[in-house]
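Numbering (our numbering), first residue to last: 1 to 495.
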């Protein structure tokens, strides 16, 4: 199956297939709306769609860029790519504003309101559930659900470990989180039902044996007996990749193996410098991951999850601004990755992760993310799993979605379901069971103190101070320390 913008050929074929069983009975259809902003969101959408089809459902994937009119979606995607590649500090500032300015999410929803009719027209009449794998999508389908224009359940699959407030939107029925740390952050921001539902990667990503590692290295032309640090920077190859490769090589404890993705400029630069081993776009990523001893990444994206599924320990180093630094902190708290904050810590950390007990603990924590399947949650909801009554006036009965329609709900119909009795297994602790929505952004008992101590909404004056901090960082970032070193986590330009 080819996966591309809009619906795939396989999905269009499925739409004309006969009912799976019974007379006139059709399989439930799930619409997955993603954004082609790097490989993480569309990769998760692709895998979710495939697993839903394996469970007998129909699944369509639609790119948000194709929903926006006048090519606006592609323009925004190009702007986002340009900021990450050339002006990452601006993206970091915008991300910080979205996370600290209390009106950022409501303003986003208001700006997206003209897109509502296009989203509703895109949904087939037999849609039984809608899944968002991108925060902006949640800010569209959540209000549609809350206002009764969308009468089927809406699920947000949190592709990031860290939860920015833009991820949380009123009207979302269920959030699927990677880890209880992610769930705690989402609940602290006011999300209703949040299930720890694991992660999604292709079945090809699995731990390999020592013999498989040796054969993979021989096929790829990599040194068989060296300690290999695989360096990735997403499909776009953004961040301080060249500098990181050079610093890994200077530690003397590992040989850098760099994947540049689709960044041809970065590929040529590294080939000229001859630092370690360099690859462009890699088609057989499972084999490359099994050949490595440790992964070094900068964004907490899809490749980090694929490495965890392969039993490869993960180190985050020089994370990109915005979601990269946020994911680095949350992944470190969850114990699935190590955030290396200084150049001097890089070599010892690589050794500990590749050969020590710290790496073993991290491997176990990473593999635990794949013991449950988010597709089970979505499939159950699409098949009519009962949802409790939302905590609104007049709510008095549970609602099931035996025959949902894409149409305004009746006046007595529940418009949102902020809490769902969680019957799915949790990875680390029992899932929350809520009979009603919290009155506000209530912090549940399992929220770590570091999360609970930070208010989910901050005033304008708070992020003005943040802007000053970013400016100070930019001005003084290149000033060396007394020992001659420079700050390792300065969000500098690529290379």
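Every residue gets a Cβ at the ideal spot worked out from N, C-alpha and C, and that includes glycine.
Quick one: which unbroken alpha helix (DSSP H) runs of 4-plus residues sit fully inside the segment 91 to 125? Chain order, please. 104 to 112 and 116 to 122
Answer yes or no: do residue 48 and residue 131 have a C-beta to C-beta separation smaller than 8 angstroms? yes
So, residue 310 versus residue 234, is the Cβ gap smaller than 8 angstroms? Not in contact: residue 310 and residue 234 (Cβ atoms no closer than 8 angstroms).
Does the Cβ of residue 338 have 16 or more other Cβ atoms within 10 Å, making it buried, or fewer, making it exposed? buried
Per DSSP, residue 256 forms a beta bridge with which residues? DSSP output for residue 256 lists 229 as bridge partner(s).
According to the Cβ coordinates, are residue 126 and residue 206 closer than 8 angstroms? no
Quick check on residue 316: does DSSP put it in helix, strand or coil? strand
What are the start and end residues of the alpha helix (DSSP H) that includes residue 323? Taken as a continuous stretch (DSSP letters only), the alpha helix (DSSP H) holding residue 323 covers 323 to 334.
Host beta strand (DSSP E) of residue 295 (start-end): 294 to 297
Identify, in the order they occur along the chain, each residue of the same chain with its Cβ nearer than 7 angstroms to the Cβ of residue 142, setting aside the five sequence neighbours on each side. Excluding residues within five positions, the ones whose Cβ falls inside 7 angstroms are 154, 169, 170, 171 and 172.
Since residue 193 is in the beta strand (DSSP E), which residue starts that stretch and which ends it? First-last of the beta strand (DSSP E) with residue 193: 193 to 196.
Assigned secondary structure, residue 340 (DSSP; H/G/I helix, E/B strand, else coil): strand
Should residue 107 be labelled buried (16 or more other beta-carbon atoms within 10 Å of its own) or exposed? exposed
What does DSSP give as the partner residues of residue 154 in its beta bridges? 130
Let's see if you can read the secondary structure: which residues bound the beta strand (DSSP E) around residue 378? Not the beta strand (DSSP E): residue 378 falls in the alpha helix (DSSP H), residues 374 to 382.
Determine the closest residue to residue 117 out of 77, 203, 104 and 68, with distance taken between C-alpha atoms. 68
Quick check on residue 78 - is its C-beta less than 8 angstroms from some C-beta in chain B? The chain inventory of the structure shown lacks chain B, comprising one protein chain alone.
For the ligand SAH, is there any heavy atom lying closer than 7 angstroms to the beta carbon of residue 43? With respect to the ligand SAH, the structure offers nothing, as it holds no ligand at all.
Output the distance between the C-alpha atoms of residue 121 and residue 289, rounded to the nearest integer angstrom. 42 angstroms
Opening and closing residue of the alpha helix (DSSP H) in which residue 248 lies: Residue range 241 to 251 is occupied by the alpha helix (DSSP H) that includes residue 248.
Exposed or buried, residue 394, counting other C-beta atoms within 10 Å across all chains shown (16 or more means buried)? For residue 394, the pLDDT reaches just 31, beneath the cut-off of 50, and the residue's location in the model is therefore unreliable, leaving the point undetermined.
Which word fits residue 284, buried or exposed, when buried means at least 16 other C-beta atoms lie within 10 angstroms of its C-beta? Under this definition residue 284 is an exposed residue.
Residue 84 versus 43, 366 and 240, residue with shortest Cα-Cα distance: 240
For residue 215, report the span of its beta strand (DSSP E) as first-last. According to the DSSP assignment, residue 215 belongs to no beta strand (DSSP E) but to the alpha helix (DSSP H) extending over 210 to 220.
Which class does residue 162 belong to by DSSP, given the choice of helix, strand or coil? coil
Whole-angstrom distance between residue 263 and residue 307, CA atom to CA atom: 21 angstroms
For residue 416 and residue 210, I'd like the C-alpha separation in whole angstroms. In this prediction, residue 416 has a pLDDT of 33, which is less than 50 and means its spatial position is unreliable; nothing more can be read from the coordinates.
Spatial neighbours of residue 295 in its chain, beta-carbon cut-off 6 angstroms, leaving aside the 5 residues before and after: 230, 307, 312 and 314
Thinking C-alpha only, which one of 147, 379 and 383 is nearest residue 176? 379
Closer than 7 angstroms by C-beta to residue 55: which residues in its own chain qualify, once you throw out the five before and the five after it? Chain order, please. 375 and 379
With DSSP as the reference, please indicate the residues paired to residue 58 in a beta bridge. 29
Apart from the five residues just before and just after residue 158, which ones in its own chain have a Cβ nearer than 8 angstroms to its Cβ? 167, 175, 176, 177, 178, 182 and 186
Which residues bound the beta strand (DSSP E) around residue 137? Element bounds for residue 137: not the beta strand (DSSP E) but the alpha helix (DSSP H), 135 to 146.
Have a look at 345, 316 and 348 and flag the residue whose alpha-carbon is nearest the alpha-carbon of residue 333. 316
Here's the rule I'm using: 16 or more other beta-carbon atoms within 10 Å means buried, otherwise exposed. How should residue 297 be labelled? So residue 297 counts as buried.
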